[in-house]
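K.L.:
Positions 699 to 1098 (the numbering used here) are the ones given, in order, by the sequence shown.
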Amino acid sequence: MQSISGQDSNIDWTARLAEMPIPQSIRSNKLLYSAYSELSSNGRISESTGLLLMDDAPLSGLTTLALMVKRSKHSDEVFFNENLHVNTTNICVLACRFCAFRKGPRHKDAYQLSVKEYLHRIEPFAEHIDEVHSVGGLHPTWTVEHYAELYRQCKQRFPHIHIKSLTAIEIKHIAERSNLSFSEVIKTLKESGLDSIPGGGAEILVDSVRDRICRGKESSQEYLDIHRAAHRLHIPTNCTMLFGTVESSADRIKHLSLLRELQDETGGFQCFVPYPFLRDKTRLPEAQLASSNEILRVISVSRLMLDNIPHIKAYRMNIGDSVSQMALSAGADDIDGTVGHEEIMHSAGSKTRLDSSRADICRLIEDAGYTPVKRNSTYSEFETVASLVTERTVLPIIEV
Ligand code: SF4
699 MQSISGQDSN IDWTARLAEM PIPQSIRSNK LLYSAYSELS SNGRISESTG LLLMDDAPLS
759 GLTTLALMVK RSKHSDEVFF NENLHVNTTN ICVLACRFCA FRKGPRHKDA YQLSVKEYLH
819 RIEPFAEHID EVHSVGGLHP TWTVEHYAEL YRQCKQRFPH IHIKSLTAIE IKHIAERSNL
879 SFSEVIKTLK ESGLDSIPGG GAEILVDSVR DRICRGKESS QEYLDIHRAA HRLHIPTNCT
939 MLFGTVESSA DRIKHLSLLR ELQDETGGFQ CFVPYPFLRD KTRLPEAQLA SSNEILRVIS
999 VSRLMLDNIP HIKAYRMNIG DSVSQMALSA GADDIDGTVG HEEIMHSAGS KTRLDSSRAD
1059 ICRLIEDAGY TPVKRNSTYS EFETVASLVT ERTVLPIIEV
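#1: Confirm the yes/no value for this check: CB of F975, any heavy atom of ligand 1, distance under 6 Å.
#2: Just the C-alpha distance for L987 and R855, rounded to the nearest angstrom, thanks.
#3: Excluding the 5 residues flanking T935 on each side, which residues of the same chain have their C-beta closer than 8 Å to its C-beta?
#4: Which of helix, strand or coil does DSSP assign to I1095?
#5: Helix, strand or coil: how does DSSP classify M646 here?
#6: Of all the options E959, P719, F941, T980, which has the alpha carbon lying nearest to the alpha carbon of D923?
#7: Pull up the CB-CB distance for A793 and D978, whole angstroms please, since I reckon it's below 8 Å.
#8: Going by beta carbon distance, what residues of the same chain come within less than 6 Å of S918, once the five residues before and after it are set aside?
#9: Terminal residues of the continuous beta strand (DSSP E) containing V971?
#10: What does a CB cutoff of less than 6 Å around Y1068 pick up in its chain, not counting 5 residues either side in sequence?
#11: Over the uninterrupted beta strand (DSSP E) stretch that includes G1035, give me the two end residues.
#12: At least one CB of chain D closer than 7 Å to the CB of S739: is that the case?
#13: Whole angstroms is fine: what's the gap from M766's alpha carbon to D754's?
#14: Anyone know if the C-beta pair for S989 and L749 falls short of 7 Å?
#15: Determine the DSSP secondary structure at S817, reduced to helix, strand or coil.
#16: With DSSP as the reference, label R1056 as helix, strand or coil.
#17: Are the segment 1008-1023 and the segment 1042-1061 touching by the rule of at least three beta carbon pairs closer than 8 Å?
#18: With DSSP collapsed to three states, give me the class of I1010.
#19: Would you call D710 buried or exposed, if buried means 16 or more other Cβ atoms sit within 10 Å of its Cβ?
#20: Verify the contact flag: G835, CB atom, against every heavy atom of ligand 1, threshold strictly below 6 Å.
#21: Does the pairing of the segment 1052-1062 with the segment 1022-1037 give three or more beta-carbon distances under 8 Å?
#22: Check whether the Cβ of C1060 lies closer than 6 Å to any heavy atom of ligand 1, and answer yes or no.
#23: How about C937: is its Cβ closer than 6 Å to a heavy atom in ligand 1?
#24: Is there contact here, the segment 820-838 with the segment 858-870, by at least three beta-carbon pairs under 8 Å?
Structure representation (structure tokens):
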């Protein structure tokens, strides 16, 4: 299948998988060998196999199988980009139970960036980045015109920077505030400079779970409809999964299956980004949380279930650099970017450093045993780089 960003997500990876030697950890386990056979012959495992893998597969064999599939698609390459996160506002009319980022409009730490302030945030980084990643809360008064102006001015000032912006719930909120359909919002914003859409807001695509952790957010169907609308307008998107709250293994597999079905239809997802809930004392006390082993298990099963989504990300901002390195041997092929500034995961307790340079990211990847490849936002331009040939760039710290 040729994706909308021009990537060929159906390269003959199954043939490559079938030619690989089968390690003892897979040969000696009936479940893993059966999953390997399904993948190397059909390129796909069933939902029931996915569920068994999530619950019962021994972790070392599971990660080995996921790494084999990753290698059959991307050899030993691991992708990253040079980007910056700029949140537009932390004011939000919703109050999802897992969210540590949102503030009420009168909270002392509430903020809303003007267009000028937004551009000012990008300015010091502009020379080093080719993507700005912008999401935010559901602002009570901003309509589509505000975002259109933001993207227009951003493109005028920084034409080389790809704008990846707006979660599905933001698009739904803008549509409601502007009396437009999802497609009309996306089309208007595409014409103003929006290049792609991140995957945030998927949480778990099972409405009974959503009702417990993020009541009032878009439904599972709406999340899929918004991404379908973007894909039809040739806007590539990512998709995510927030796990370790109150969901069951079956809920996780249902989530992966729904994303796989939409990808069969549109080919518009570039990357899947699974990340665990980060707890503090005030949010979702009943969350089951996820250990490092559980994180690696979810990443591995995601790689095996999502045969048609080309990239699986180890999201450093959430799981940290060390677990991200381990995830590269559990099926992930992307380690996110330099990021520069990040609030959503850091509000929730992440300690991942924010001053990583391109050389630092290369070093992380090389230390894990893989080859760093700098990519652009749509995975259509690549540059092989190495930590030793790149000078460390000291990036400014932004005070919020
Ligand atoms: S997750 Fe998004 S929609 Fe939910 S409260 Fe936080 S900022 Fe608002």
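Note that the Cβ used here is the ideal one computed from N, Cα and C, for glycine as well.
P.N.:
Per the coordinate set shown:
#1: F975 has its CB no nearer than 6 Å to any heavy atom of ligand 1.
#2: If you take the alpha carbons of L987 and R855, they lie about 42 Å apart.
#3: So the list reads S894, I895, P896, G897, H925, A928, H929, G966, F967, Q968, once near-sequence residues are dropped.
#4: Residue confidence for I1095 is low, a pLDDT of 47 falling below 50, so the modelled location carries little weight; the figure read from the coordinates is stated next. Residue state, collapsed to three classes: coil.
#5: Nothing can be reported for residue 646, as the shown portion of the chain is limited to 699 through 1098.
#6: If we check each option's Cα against that of D923, E959 comes out closest.
#7: Actually they do not touch by this definition, with Cβ atoms about 15 Å apart.
#8: Counting only Cβ-Cβ distances below 6 Å, and skipping sequence neighbours, we find L903, D905.
#9: For V971, the enclosing beta strand (DSSP E) stretches over residues 967-974.
#10: Once the five neighbours on either side are set aside, the close Cβ partners of Y1068 are D774, V776, L1026.
#11: 1032-1035 is the span of the beta strand (DSSP E), which, as asked, contains G1035.
#12: Absent from the structure is chain D; it holds one protein chain and no more.
#13: Going by the C-alpha atoms only, they are around 19 Å apart.
#14: Not in contact: S989 and L749 (Cβ atoms no closer than 7 Å).
#15: It should be pointed out that residue 817 corresponds to Leu in this sequence rather than to Ser. The answer is helix: DSSP assigns L817 an H, G or I state.
#16: DSSP places R1056 in helix when its eight states are reduced to three.
#17: The segment 1008-1023, when compared against the segment 1042-1061, does touch it at the 8 Å Cβ threshold.
#18: DSSP places I1010 in strand when its eight states are reduced to three.
#19: Exposed, because fewer than 16 other Cβ atoms sit within 10 Å of the Cβ of D710.
#20: Checking every heavy atom of ligand 1 against the Cβ of G835, one is found closer than 6 Å.
#21: The segment 1052-1062 vs the segment 1022-1037: in contact.
#22: No, the Cβ of C1060 stays beyond 6 Å of every heavy atom of ligand 1.
#23: Relative to ligand 1, even the nearest heavy atom lies 6 Å or more away from the CB of C937.
#24: Contact between the segment 820-838 and the segment 858-870 is present, because at least three Cβ pairs lie under 8 Å.
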